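J.:
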Amino acid sequence: MNPLWVIASITFREAARKKILWTALVVGLGFLMVFGAGLYYQMADFHASNMPPFLRYQVLSAMLMVGLYTVDLLAVVMTILTSVDTISGEIASGTIQAIATKPVARWHVLIGKWAGFVAMLAIYVAVMFGGTLAAGYWIAGVSLDNPLRGGLLVYLECLLALTATFLMGTWFSTLTNGVIVLGLHGLAFLGGWLEQMSGFAQGSALVTLGVVSSLIMPSEAIWRRAAFLMQPPLAGALQFTPFANISVPSGAMVGYAGFYLIIILALAIYHFQRRDL
Amino acid sequence: MLLGLVSPSGGEAFVLGVPSGEVEIRRKVGFLPEDFRFYQWLTATELLEFHGRLCGMDAGRLRERVPYLLDLVGLAPHRGKRLQGFSKGMLQRIGLAQALIHDPEVIFLDEPTSGLDPMGRRLVRDIIRAQRDRGATVFLNSHLLSEIEVTCDQVAFIRDGEIVTTRDLRGWQEEKVRVRVCARKLAPQIVAGLSQWATCDQLDDQSLSLTAASREVLPEILCYLVQSGSAPFEFTPQRISLEDLFMEIVGEDRGL
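Chains G and Y, in that order, give the protein sequences.
For what it's worth, our numbering labels the leading residue of the first sequence as 180, then goes sequentially.
For what it's worth, our numbering labels the leading residue of the second sequence as -12, then goes sequentially.
(1) Listed from N- to C-terminal order along the chain, which residues in the stretch 256 to 287 of chain G have their beta-carbon within a distance smaller than 8 Å of any beta-carbon of chain Y?
(2) When DSSP labels each residue in this structure, what does isoleucine 227(Y) get in the three-state scheme?
(3) Taking Cβ positions only, does isoleucine 186(G) come closer than 9 Å to chain Y?
(4) Would you mind telling me which residues of chain G sit closer than 8 Å to arginine 40(Y), beta carbon to beta carbon, in chain order?
(5) Identify which residue in Ser101(Y), Leu57(Y), Phe95(Y), Gly76(Y) has its Cα closest to the Cα of alanine 84(Y).
(6) Rounded to the nearest angstrom, how far is the Cβ of leucine 243(G) from that of glycine 315(G), given a contact under 8 Å?
(7) Just to confirm my understanding: we take asparagine 128(Y), look at its own chain, exclude 5 residues before and 5 after, and list those with CB closer than 6 Å. What are they?
(8) Below 8 Å on the Cβ atoms is my contact criterion, and I expect lysine 75(Y) with glycine 102(Y) to pass it. Report the Cβ-Cβ distance as a whole number of Å.
(9) Considering just the uninterrupted stretch of the beta strand (DSSP E) at valine 283(G), what are its terminal residues?
(10) Could you tell me which of His287(G), Val297(G), Phe351(G), Phe225(G) sits nearest to threonine 342(G), measuring between CA atoms?
(11) Which residue's Cα is closest to the Cα of methionine 432(G): Asp455(G), Met396(G), Ala187(G)?
(12) Could you tell me the alpha carbon to alpha carbon distance between methionine 230(G) and glutamine 221(G), rounded to whole angstroms?
(13) Mapping the DSSP letters down to three states, classify threonine 152(Y) as helix, strand or coil.
(14) Using a Cβ cut-off of 7 Å, which residues of the stretch 74 to 93 of chain Y contact any Cβ in chain G, in chain order?
(15) Assuming leucine 218(G) contacts alanine 313(G) (C-beta within less than 8 Å), just tell me the rounded distance between them.
(16) Quick one, are the C-beta atoms of leucine 394(G) and valine 256(G) less than 9 Å apart?
(17) Applying the 10 Å Cβ sphere with the 16-neighbour rule, what's the burial state of proline 326(G)?
(18) Work out the CA separation of arginine 328(G) and glutamine 276(G) for me, nearest whole Å.
(19) What distance in whole Å lies between the Cβ atoms of aspartate 455(G) and serine -6(Y), which are believed to be in contact at a cut-off of 8 Å?
(20) Under 9 Å, Cβ to Cβ, is there at least one residue of chain Y near isoleucine 189(G)?
(21) Going by beta carbon distance, what residues of the same chain come within less than 7 Å of aspartate 188(Y), once the five residues before and after it are set aside?
(22) On the CB-based measure, 16 or more other CB atoms within 10 Å of its CB, does isoleucine 236(Y) come out buried or exposed?
(23) What does DSSP give as the partner residues of alanine 313(G) in its beta bridges?
(24) Rounded to the nearest angstrom, what separates tryptophan 184(Y) and arginine 109(Y) at their Cα positions?
(25) Let me check understanding here. Comparing Cα to Cα, which of Leu173(Y), Gln71(Y), Leu205(Y) lies closest to aspartate 192(Y)?
(26) What is the rounded straight-line gap between the Cα of proline 219(Y) and the Cα of valine 178(Y)?
(27) Say whether chain Y places a C-beta atom closer than 9 Å to the C-beta of leucine 204(G).
(28) Along chain G, in chain order, which residues have C-beta atoms closer than 7 Å to that of glutamate 11(Y)?
(29) Using a C-beta cutoff of 9 Å, does leucine 456(G) count as contacting chain Y?
(30) What are the residues in the stretch 195 to 225 of chain G lying within 8 Å of chain Y by C-beta distance?
This is the structure:
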């Protein structure tokens, strides 16, 4: 059996055995239930009121977008929390020594672990993102444009957070790693919103600040691209949601995020291969 | 460094003729780290299967090898138990088993008896001897010199990261011998006369400790002491332990 596959499968099994995946899914299901209940009661309120159907649909679309944004945040935070200890923790505890002295290249160890998380996150994002869309459709009869592309972009955002956590894990202790990666995501979050605000104020300095933040960590920009693709054009244009079509990251930003991911993964491999264990 | 965990600051090293750090050579190398730790959620069987797969072993070979090793290290009754329920001694045993999973030619054991009870220590000694007998080379790194003494064929003393000296332990006890001598009067000229057979450390005018090159000369030394009129009343050959040798070679503790 390929050692990369051996390490990937044990990383996946670790998430399952340590109940990380199941706990995250149970918490996620709790979120879906609350979200579903919110949609249900909103529908009940609509039946009692005489709001025009067109307006109802826009409000429900906005609720669905907020639900998906919550899923996006949950997924990124869960990505960081579950993977933050993987490299740095095993180096600190000495667990890695028993693996790294086997006939396995170090890059196999790192990529194997990374692949295990990639598989786990695919399940998580599929369940949470799909569950939220399904709740919107079944309870409120509302659907969004480009759900598959939107879901894949949210998945890409998780992979960015995962890979950044792996890269920092080859350098820093678990705690420092967590602080840095959450800080990076916070920077991207702030930068994204500053860029959004610049659309109202027409401020070029804010745009520059937002773009620079997105180049440092493109995770939030990817979400804004996903939001642009998913929400109905009218809702975006009329600013029914906080994800209005102002200063939308282009498709090139998605390309940049992909390139960014490859570069930081390569850096993680490079440093992990050279550091002392 | 030999296992590729740490990069050398200079020079080069070879394992079985291959530069250290080469991935493929690790197929022939086993390693037990000091204070072995691994995923606590794995069972003993799963742990060995995982390490075996990393070494490229197929399912058929693992089916034979895993139960054999669990039996060898005395953990067969705990094959399905998770590592989180293992004592430190049990972790050392399963760590030793993972080091041997692929029948390595060279085995590095870092403090393998740490945390083990006397039965466990004896078991590890027996396993090391069995590995030696099948032709494997075992590097045993330990501060327990008594363990080294009864297990190893050769010893290297390391100080400040450098090998100070090496000794062949096979039959080394027969080489030098230390004797405690007590006599009614050990005049300086009598002690000086002993230098033809031994080095002496006079403790007072009635006792001394001498180190002779071999046991062969002890009768002559005793005859000399009687004939010189020192009236010896104690002549006790003493065993030189590896710890004595260590102190002699490496020197006093400098807090390192």
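Even glycine gets a Cβ: it sits at the ideal position worked out from N, Cα and C.
Bear in mind that the values here come from a model prediction, so they are computed numbers and not experimental data.
T.: A quick look at the data gives this:
(1) Ser272, Gly273, Thr274, Gln276, Ala277, Ile278, Ala279, Thr280, Lys281, Pro282, Val283, Ala284
(2) coil
(3) yes
(4) Met180, Pro182, Val185
(5) Leu57(Y)
(6) 4 Å
(7) Asp97
(8) 4 Å
(9) No beta strand (DSSP E) holds valine 283(G); DSSP gives it neither H nor E.
(10) Val297(G)
(11) Met396(G)
(12) 12 Å
(13) strand
(14) Gln85
(15) Going by Cβ atoms, the distance from leucine 218(G) to alanine 313(G) rounds to 11 Å, so no, they are not a contact pair.
(16) no
(17) buried
(18) 41 Å
(19) 6 Å
(20) yes
(21) Leu195, Ser196
(22) exposed
(23) Answer by DSSP bridge pairing: none, since alanine 313(G) is not bridged.
(24) 39 Å
(25) Leu173(Y)
(26) 12 Å
(27) no
(28) Pro282
(29) yes
(30) Arg196, Lys197
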